[in-house]
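K.L.:
For the sequence shown, full-length UniProt numbering begins at 1 and goes up steadily by one. Structure below; questions to follow.
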Amino acid sequence: MQMGYNSCSSPTCRCSYRVTREVYGNGRIFDITHRINPEMPSWDSKNGVGQVVKLVASMKNGSNDNLSEMKFSSHTGTHVDAPSHFFEEYYEAGPALLVDVPRNSNITAEVVKSLKIPKGIHRVLFRTLNTDRKLMFKKEFDSSYVGFLSDGAKWLVQNTDIKLVDLILIFRYS
């Protein structure tokens with residue numbers, strides 16, 4: 001396992017996040033999880049996540065142990081349970097293809113065709129302009145995400161074996 005740190009490229013940003021890379025057989029696993037912090041956005045919130053960890057019992061205050069409580073929405077940060085927000089049965093996490101999407105548009109049928117996703121791929125991660133804009137490092141929820149347009153989603157369903165798609169939002173927020 002290799003670990004390193006990636007930092008924001010913005011000169012005013014002081015954040016960094018750990019990148020974990022694991023090699024299994026012929027494949028590599030990248031941990032793309034964003035660190036949860038009070039300043040990151042949360043679905044439909046102008047105030048971000050807010051206080052995540054709260055100390056509810058403290059040995060300093062006479063308790064027999066230290067007990068903390070974590071509280072945040074299931075729509076916080078990087079989460080792999082997203083399909084369960086909408087479907088009772090969903091495809092679990094597993095190997096995925098990472099593709100870079102052209103930075104000048106939403107994901108249309110033309111864009112998906114140009115990616116030439118091979119048959120047999122069941123999960124795909126789309127790296128979009130959302131990543132470049134570092135939306136996960138901005139406190140206020142930003143609804144101007146890049147996402148799928150209906151023709152792009154239809155083309156993907158009709159012409160590939162994809163069962164799971166991941167990007168910040170599956171559709172353009174409106």
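Every residue, glycine too, gets a C-beta built ideally from N, C-alpha and C.
(1) Just to confirm the assignment: which complete beta strand (DSSP E) runs, minimum length 3, are found wholly within the segment 114-156?
(2) On a Cα-Cα basis, can you pick out the residue from Asp151, Pro38, Thr108 and Pro95 that is closest to asparagine 26?
(3) Locate the beta strand (DSSP E) running through alanine 57, then write down its first and last residues.
(4) Can you tell me which of the three DSSP states glutamate 69 falls into?
(5) Thinking just about the alpha-carbon of each residue, which of His122, Lys154 and Val99 is nearest to the one in valine 131?
(6) Identify the continuous beta strand (DSSP E) that holds valine 165 and give its terminal residues.
(7) Would you kindly check if the distance between the Cβ of aspartate 142 and the Cβ of leucine 135 is under 9 Å?
(8) Whole-angstrom Cβ separation of asparagine 104 and glycine 147, contact assumed at under 8 Å?
(9) Can you tell which of Lys154, Val157, Thr128 and Lys138 has the C-alpha that lies nearest to the C-alpha of aspartate 44?
(10) Can you check which of these residues, Ile36, Ile117, Ser63 and Ser68, is closest to asparagine 159 by C-alpha distance?
(11) Throw me the rounded Cβ distance for the leucine 156 and isoleucine 121 pair, which I believe falls under 8 Å.
(12) With valine 49 as the anchor, note down where its beta strand (DSSP E) starts and where it stops.
(13) What three-state label does DSSP hand valine 101 in the structure shown?
(14) Counting only the same chain and skipping the five closest in sequence on each side, list residues whose C-beta sits under 8 Å from that of threonine 76.
(15) Cutting at 6 Å between CB atoms, please list the residues of its own chain near leucine 55, excluding the five before and the five after it.
(16) On the criterion of 16 or more Cβ atoms from any shown chain inside 10 Å, does valine 53 qualify as buried, or is it exposed?
(17) Suppose the cutoff is 7 Å on Cβ atoms and the five residues either side in sequence are ignored; what does the same chain contact list for valine 124 look like?
P.N.:
Walking through what the data contain:
(1) 123-127
(2) Pro95
(3) 53-57
(4) Look at glutamate 69 here: in three-state DSSP terms it is strand.
(5) The amino acid occupying residue 131 in the given sequence is threonine; valine does not appear at that position. Out of His122, Lys154 and Val99, Val99 has the C-alpha closest to the C-alpha of threonine 131.
(6) 164-166
(7) Result yes, Cβ atoms of leucine 135 and aspartate 142 sit closer than 9 Å.
(8) Going by Cβ atoms, the distance from asparagine 104 to glycine 147 rounds to 14 Å, so no, they are not a contact pair.
(9) Lys138
(10) Ile117
(11) Contact doesn't hold; Cβ gap of about 11 Å is too wide.
(12) Note, valine 49: premise wrong, no beta strand (DSSP E); not H, not E.
(13) Residue state, collapsed to three classes: coil.
(14) Ile36, Met40, Ser42, Trp43 and Val49
(15) A distance below 6 Å between beta-carbons, with the five flanking residues on each side excluded, links leucine 55 to the following residues of its chain, in chain order: Ser68.
(16) exposed
(17) Ala96, Leu97, Val99, Ile117, Ile162 and Val165
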